[in-house]
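Residue numbers (my numbering), protein chains in the order written: chain A, 20 to 444; chain B, 25 to 287; chain C, 123 to 742.
The beta carbon of each residue, even a glycine, is placed where N, CA and C say it ideally should be.
Report on one structure; see the data block that follows.
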Amino acid sequence: MTTLTDTPKQGFRLSQLIYDTRYRSITIQVIATVLIVAALWWLARNTVANLTALGKDFTLEFLGNRSGYDINQRLIAYDSNATHGRAALVGILNTLLVAGLGCVLATILGVIFGVLRLSKNWIVSRLAAVYVEGFRNVPLLLWIIAIFAIMTESTPAPKDFRGESPAASMVLADNMAITNRGTYIPEPLFANGLGDVEIKPGGIFADLYFNVSIDLIVIMLTLVASLLVVKLVNTRAADIQNATGNRPTTWWVNLLIIFAPIAALLWGLGFYLGKPELSGFNFAGGTHLRNSLLALWLALSLYTGAFIAEIVRGGINAVSKGQTEAAFALGLRPNRTMRLVILPQALRVIIPPLISQFLNLTKNSSLAIAIGYMDVRSTLGGITVNQTGRELEGILLVGLFYLLLSLAISSGMNWFNDRVKLKER
Amino acid sequence: MSELAIERQIDRSHMTISDEVAIQINNMNKWYGQFHVLRDINLTVQRGERIVICGPSGSGKSTLIRCINRLEEHQSGDIIVDGTELTSDLKNIDKIRSEVGMCFQHFNLFPHLTILENCTLAPIWVRKVPRKEAEDIAMHYLEKVKIPDQAHKYPGMLSGGQQQRVAIARSLCMKPRIMLFDEPTSALDPEMIKEVLDTMIELAEEGMTMLCVTHEMGFAQAVANRVIFMDQGQIIEQNEPHAFFNDPQSDRTKLFLSQILGH
Amino acid sequence: MTDNAQTVRYVRETMIPPSEPPLTEQGAVKWMRENLFSGWKNSLLSILSIYVLAKLLISMVPWFWNSVWTAGSLNECRETLAVLDGLNTHGGACFAVISDRWLQLLFGFYPAESYWRPILVFVLMFVALAPILFSARLPKQMLWFSILFPFIGTWLLWGGSFWLPVLVIIGFVVGAIGFAVGGRVAGTFGALTLGVLGAALWWMVAMPAANNALHKAVALSRIDATKAELVEALATNPEQIKAIEAEQATLQEQINAMTAEKDALVVEMLAAREAGSEPSSEQKAAFEAIMDELMVARRQNTALGFSAFKLQQQVSDANGLLANIQALPQWEADLPKAIATAAELDAALPAGMHNLVSVNQVPAGTPAEVVDTLRAYLDADTAVLNLQANIETAYERLGVLGLTPVTSRDFGGFMLAMIIGVAGIVLSLPLGILLALARQANLPIVKGFAVAFIEIIRGVPLIVWLFTASLLLNYFLPPRTSFDLVLRVVIMVTLFAAAYIAEVIRGGLAALPKGQFEAADSLGLDYWKSMRLIVLPQALKISIPGIVNTFIGLFKDTTLVGIIGLLDPLNLSNSIRAAAEWNGVYWELFVFIGLLFFVSCFSMGRYSLWLEKKLQRGHR
């Protein structure tokens, strides 16, 4: 660029802060920062004033105190003599448990109903639509309470299973008992089990002690090893295909590799199922799935599943009909077309909203409070807050937990998005 | 409708029509619901023929060629391709689809695969060709359509004309004996139409049996040995190109030609 | 080229007319074949679906079909089912609970004589929404009503003097004037500063003063008439109450007699069933007739009880008001003295202690006399505040000119869900727009703040935010400020919705072609003008479907406010169940509430889908 006439050089004037594009954005940002910091300072000052007026301070010491309450649903050892911190941990694990289970079941339901809704079969697609619209348009809380009510109001009490001609009986060949106190299912047990290993960290993590079954670790390791071998077999099959054009059949080899070692291991450990049995007025043995967990799990999965079904349907619809036609015109069979052409494209569309549905499900699991499932909001943000009067700290910690979880999941999603983005000009 | 003059000299040495029948369609009818789209179609295509099908939109011309590789199902009459009758038998459909190549108006390249992968997908999974060999074939045809250097790019990174040429190469990789073109140039800008038409002309020069639905009348005059005019789901008129354009018989044909040529 | 003209030449002489498809391609047979039984997999799926559907219908239809609508309690429902149809408890629904309590599920404890107010607001809401949702067909002038609606609606719902909405609107006018003046003097910055300052000053200082003055003027102008009215009410009401109670007593006797008659009939009919014979149709008719009569009598009884209660309330109100009127001169005389005392004590306090609100705040090591002074000052200050509040409330009660005030405590049911949902969305729009613009702006720090706000809000569940509203909001506000719970929830829901709305609008902004921004710039419009005149109108229009979807989500989420103690429909269903007569009713309430939510959410969802399609077509 050339200047024909010299522009007169001027010194810096105050009005440039506003009218000069070079300084303007800095000025705006400084003003915004000052305003926001002032607002935050105002809030903090109010909080301090209110806290001292109430004779309170801000401390997390209460986490180390004895909790004094019981939690019936727990994955790790806990009793009322444990600390509030431990109770919070139990709650966190319960949140993660129901969220994890929910995500799995919701995905299964969503994929099934999303595909069914696309079916050319009129009645099937209509039923799928009824499921989707029915669950999507009614508040989740209502579903949670209603499903919980079904489980507690219209199932028999354990005592109904007693006597010569009981009013209720167990299902699945006497393996499972559905009662108003929860469902009892067989529990995996090992005759020659390897015992537990105790993990006990020190310092501020002293509350994080827990036991892990060595059997479980060994089974998991075997499973991982089998999966690695399966991957190897598939790579080899692909190599053979690349070299000769014919892909060897691998599915039965893969099944064998996955199941044979596990079966052998289970046999070696003396695996058997401990059936639930009626003793007195209740069931003993077996795994007890509480109604609160089951109802929350089912309601979250059914509700989120309806949203996922719409996402799956949208994702498949987003792949244009021309893609299928082109694949057909090349001679590809429908199954191959689905696997090689439609799914890889549909998944790119499906996965980001799917993950944000997982996020929603995790956040919605905080509705556990309505039916007394002890998640992190009910332990740390509920009973602990009520007992210690530390509502500020308690709710802050709960919020922080959810926030960190959300940020972790959404940064994972961003990474995925960047990786699979379609390359265009 | 653009009418590009075909400037190049066309080499007709390999353009021979044999007596062997490539496609035979007898009394074929098709309905969409209550709507009668194709009415009593009778058509015999001999090996080596280059047929251009034209007609107003909604006249059933695309539907006709989509019936030939069973992208659409016909309800009565028969279609015999290369001696194989098209029925709902999956084996026959597979056989015909691997013999018949097709190019679409919107290219329909697979956006998640590279150009090379687009071209090797069907040979590998349908013809069971080893990957190396499939890639050699693909490169051969990509060179033929003059875009070998784009092989590792994704479709979204190519221009429309390039994409359509890739789509042609992709079909050729299956070594088809018949090629169907469904308005291959109507989604393209004028300067890109030429490159696609050039590719199609080269294909014709090699003696490929071709059925083209197109409004490129320059192409029809230069390459086709037969032009078919369709309206309201039926074949109204057919003739060799010179006579078709200079001496149309039916009123409908005259009207259509005056609209399409008379700017 | 081979000459094949002879063989290929063909001209059609006669056109083939369209014909019907072959019989196998038509009608129900074809439909069934294509839609239900194409291939064995599909047939299997169809049969399975029909089986599931049949199973569901068989289990549910009788329950609805045999439902009981006239009964005073769950027990009577069961009796009716047993004697009329010989069914057990689960044989039929007891929708009598809905016919008994549906108004409560819709309005909560909103006073029945004022139901017209929320209904009117509901109708007016559609009038206000119409020019936004169906912009093409309605005159632009209707938008003025849309702008006024929030003020009118709030006033209608909460009641109070008619000048309140006017005073609030004046604040906006003051802000607008400040904006214009400031803009002329010192550009955008001046405009913003003066606008915000002007409006804030009006609302915080001038408006309360004006409001109080108006109340006082009205109160004083009619104080004698009011007094006379109150005295008369005190004189006549007790007699009326007595009359009503007498009437109630006779009615109760009738009811008791009818109940006994009904019980006898029930015993008779059950005995007949026990013996294995169906009760006679006369018996059934008699039972139905007596149930109808009984319900009429009960309803009458409830109405009587209600009017007696109203009269009683009037008496206690009148007593309170009379006491207020008597005490007013004293309060007004005491106030200056109290203010003087407080000021004196305040002056005696050491520097740095003037803002304290509790003796707990005193730093350690402060001398005891200072603490005592502070305590005395705080007491005096509280006395001043109490006096002021007493005087204000008294004048407000005496000087209301408009609608009877209703406290938010009484709000509930679907009305509450609608109020929270609509208020949340409407109030969050301005903040949402600002956040969306900030997130899009080329200003890293501003953008950072916007992203942080949006992510924090969206990363934490609504229920945690609601607990924040109910337990923590008071911590964050200056000492001694407190709002009622509904208002706190609305504030929190507004912040919550703003984050979601911001993302929706950001989508709308991103969907606009870049050329629109460039065109606006090239016309020489500054940032705010180009946003206001060109970009936002288009972006907001594209965002409407997203905003509607956010509203659907928020509307469903309003059920969560029950967890912090507000009377949303689900919480109301709990309190209905807590009443002795409806203890044990679950499904009927769930079905009713679920159906109401379903109908509203489903129809809104369809609207948003329709709009999305329309916008897509419009853009092509």
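Using a Cβ cut-off of 7 Å, which residues of the segment 129-146 of chain B contact any Cβ in chain A, in chain order?
-> His130, Asn132, Phe134, Pro135, His136, Leu145 and Ala146
Chain B residues whose Cβ lies nearer than 8 Å to that of Gly333(A) | Here the question's residue 333(A) lines up with position 314 in the first sequence. Neighbours of Gly333(A) on chain B: none; closest Cβ ~17 Å, over 8 Å.
For chain C, is any of its Cβ atoms less than 8 Å away from the one on Tyr421(A)?
-> Along the first sequence, one-based indexing puts residue 421(A) at 402. Judged by the 8 Å Cβ criterion, Tyr421(A) is in contact with chain C.
Any contact of the segment 372-380 of chain A with the segment 345-362 of chain A, i.e. 3+ C-beta pairs under 8 Å?
-> no
Below 6 Å CB to CB, which residues in the same chain sit around Met123(C) once its five sequence neighbours on both sides are set aside?
-> Position 1 of the third sequence, counted from the start, is the residue given in the question as residue 123(C). Caution is warranted here: a pLDDT of 41 is assigned to Met123(C), below 50, making its placement in the model unreliable, and the coordinate value is therefore given only provisionally. Closer than 6 Å at the Cβ level, and outside the excluded window around Met123(C), lies no residue.
For the alpha helix (DSSP H) that Pro280(A) lies in, which residues bound it at each end?
-> Here residue 280(A) corresponds to residue number 261 of the first sequence, with the count starting at 1. Counting along the chain, the alpha helix (DSSP H) containing Pro280(A) begins and ends at Trp270 to Gly287.
Is Gln258(B) helix, strand or coil by DSSP?
-> Start at 1 with the first residue of the second sequence, and residue 258(B) comes out as number 234. Three-state DSSP puts Gln258(B) in a strand.
With DSSP collapsed to three states, give me the class of Leu142(C).
-> Within the third sequence, the letter at position 20 stands for residue 142(C). The sequence shown places Glu at residue 142(C), not Leu. Of the three classes helix, strand and coil, the one that applies to Glu142(C) here is coil, per DSSP.
By how many angstroms is the C-alpha of Ala368(C) removed from the C-alpha of Leu426(C)?
-> Reading the third sequence from its first residue, position 304 is the one you call residue 426(C). Reading the third sequence from its first residue, position 246 is the one you call residue 368(C). Going from the Cα of Leu426(C) to the Cα of Ala368(C) covers about 10 Å.
Assign Ala193(C) to one of three DSSP states: helix, strand, or coil.
-> Looking up residue 193(C) in the third sequence gives position 71. Here Ala193(C) sits in coil by DSSP.
Roughly how many whole angstroms lie between the Cα atoms of Asn441(C) and Gly282(C)?
-> In the third sequence, the residue the question calls residue 441(C) occupies position 319. In the third sequence, the residue the question calls residue 282(C) occupies position 160. Taking the straight line joining both Cα atoms gives about 21 Å.
Own chain, CB closer than 6 Å to Gly87(A), minus 5 neighbours either side, in chain order | The residue given as residue 87(A) occupies position 68 in the first sequence. So the qualifying residues of the chain are Ser99.
Cβ of Ala72(A) less than 8 Å from any chain C Cβ?
-> As a working note, residue 72(A) is residue 53 in the first sequence. Output row for Ala72(A): interface = yes.
With 8 Å set as the bound, which would you pick, yes or no: does the beta-carbon of Ser141(C) sit closer than that to a beta-carbon of chain B?
-> Translated into positions along the third sequence, residue 141(C) becomes position 19. For Ser141(C), the answer is yes, since a Cβ of chain B falls inside 8 Å of its Cβ.
Exposure of Glu80(A), with buried meaning 16 or more beta-carbon neighbours within 10 Å | Translated into positions along the first sequence, residue 80(A) becomes position 61. Per the 10 Å Cβ criterion, exposed.
Using the DSSP secondary-structure output, state which residues sit across from Thr102(A) in a beta bridge.
-> By one-based count along the first sequence, residue 102(A) stands at place 83. DSSP output for Thr102(A) lists Arg85(A) as bridge partner(s).
Classification of Thr21(A) by the beta-carbon crowding that lies within 10 angstroms, buried from 16 upward = The residue given as residue 21(A) occupies position 2 in the first sequence. Confidence in Thr21(A) is poor, its pLDDT being 48 and thus under 50, which makes the residue's placement too unreliable to answer from.
Would you list, in sequence order, the uninterrupted alpha helix (DSSP H) runs of no fewer than 4 residues that lie entirely inside the segment 83-136 of chain B?
-> 85-92 and 114-123
Give the single residue among Arg155(C), Glu142(C), Asn157(C) and Glu156(C) whose Cα lies nearest to the Cα of Asn53(B).
-> Position 29 of the second sequence, counted from the first residue, corresponds to residue 53(B). That would be Glu142(C), whose Cα lies nearest to the Cα of Asn53(B).
Under the three-state DSSP convention, the category Ala303(A) falls into = The count along the first sequence starts at 1 and reaches residue 303(A) at position 284. Ala303(A): strand per DSSP, three-state reduction.
Delimiting residues of the beta strand (DSSP E) encompassing Lys75(A) | Numbered from its first residue, the first sequence carries residue 75(A) at position 56. Looking at the DSSP string, Lys75(A) is not in any beta strand (DSSP E), and its letter there is neither H nor E.
Along the chain, where does the alpha helix (DSSP H) that runs through Tyr499(C) open and close?
-> Against the third sequence, residue 499(C) aligns to sequence position 377. Here the alpha helix (DSSP H) through Tyr499(C) covers Ala490 to Gly521.
Tell me which same chain residues have a C-beta within less than 7 Å of the C-beta of Phe159(C), skipping the five on either side of it?
-> Position 37 of the third sequence, counted from the first residue, corresponds to residue 159(C). Closer than 7 Å at the Cβ level, and outside the excluded window around Phe159(C), lie Ser165 and Ser168.
Cβ pair Leu688(C), Val573(C) closer than 8 Å = Here the question's residue 688(C) lines up with position 566 in the third sequence. Here the question's residue 573(C) lines up with position 451 in the third sequence. Not closer than 8 Å, so no.
Apart from the five residues on each side of it in sequence, which residues of its chain come closer than 6 Å, Cβ to Cβ, to Phe180(A)?
-> One-based indexing of the first sequence puts residue 180(A) at position 161. Ala187 and Leu297, listed in sequence order.
Does DSSP put Lys54(B) in a helix, a strand or coil?
-> Translated into positions along the second sequence, residue 54(B) becomes position 30. In this structure, Lys54(B) counts as strand in the three-state DSSP scheme.
Does the beta carbon of Thr22(A) come closer than 8 Å to any beta carbon on chain C?
-> On the first sequence, position 3 is the one that residue 22(A) refers to. The predicted model places Thr22(A) with a pLDDT of 47, which falls under 50 and marks its position as unreliable, so this point remains unresolved.
What three-state label does DSSP hand Arg742(C) in the structure shown?
-> In the third sequence, counting from the first residue as 1, residue 742(C) sits at position 620. Because Arg742(C) sits at a pLDDT of 45, beneath the cut-off of 50, its placement in the model cannot be relied upon, and the following sentence gives the value as read from the coordinates. Coil at Arg742(C), not helix or strand.
So, is the C-beta of Ala176(A) closer than 8 Å to a C-beta in chain C?
-> To locate residue 176(A), count along the first sequence from 1; it is residue 157. No - not a single Cβ of chain C is within 8 Å of the one on Ala176(A).
Check whether the Cβ of Leu373(A) lies closer than 8 Å to any Cβ atom in chain B.
-> Position 354 of the first sequence, counting from 1, holds the residue named residue 373(A). Answer no: the Cβ-Cβ gap between Leu373(A) and chain B never drops below 8 Å.
Candidates Ala371(C), Ile412(C), Ser403(C) and Gln362(C), of which the one nearest Ala386(C) by Cα = Along the third sequence, read from residue 1 onward, the residue named residue 386(C) stands at position 264. Answer by Cα proximity: Ile412(C).
Start and end of the alpha helix (DSSP H) containing Phe326(A)?
-> Counting from 1 along the first sequence, the entry for residue 326(A) is found at position 307. Note, Phe326(A): alpha helix (DSSP H), Asn310 to Ala337.
What residues in the segment 172-187 of chain C bring their beta carbon closer than 9 Å to a beta carbon of chain A?
-> Ile172, Val174 and Leu175
Could you pull out every unbroken beta strand (DSSP E) segment of at least 3 residues lying fully inside the segment 220-273 of chain C, listed in chain order?
-> none
By how many angstroms is the C-alpha of Ser189(C) removed from the C-alpha of Phe217(C)?
-> Counted from its first residue, the third sequence places residue 217(C) at position 95. Counted from its first residue, the third sequence places residue 189(C) at position 67. Distance between the alpha carbons of Phe217(C) and Ser189(C): 6 Å.
Between the Cα of Thr136(C) and the Cα atoms of Phe269(B), Arg276(B) and Lys85(B), which residue gives the shortest distance?
-> As a first step, residue 136(C) is located in the third sequence; it is residue number 14 there, counting from the start. Closest option to Thr136(C), Cα to Cα, is Arg276(B).
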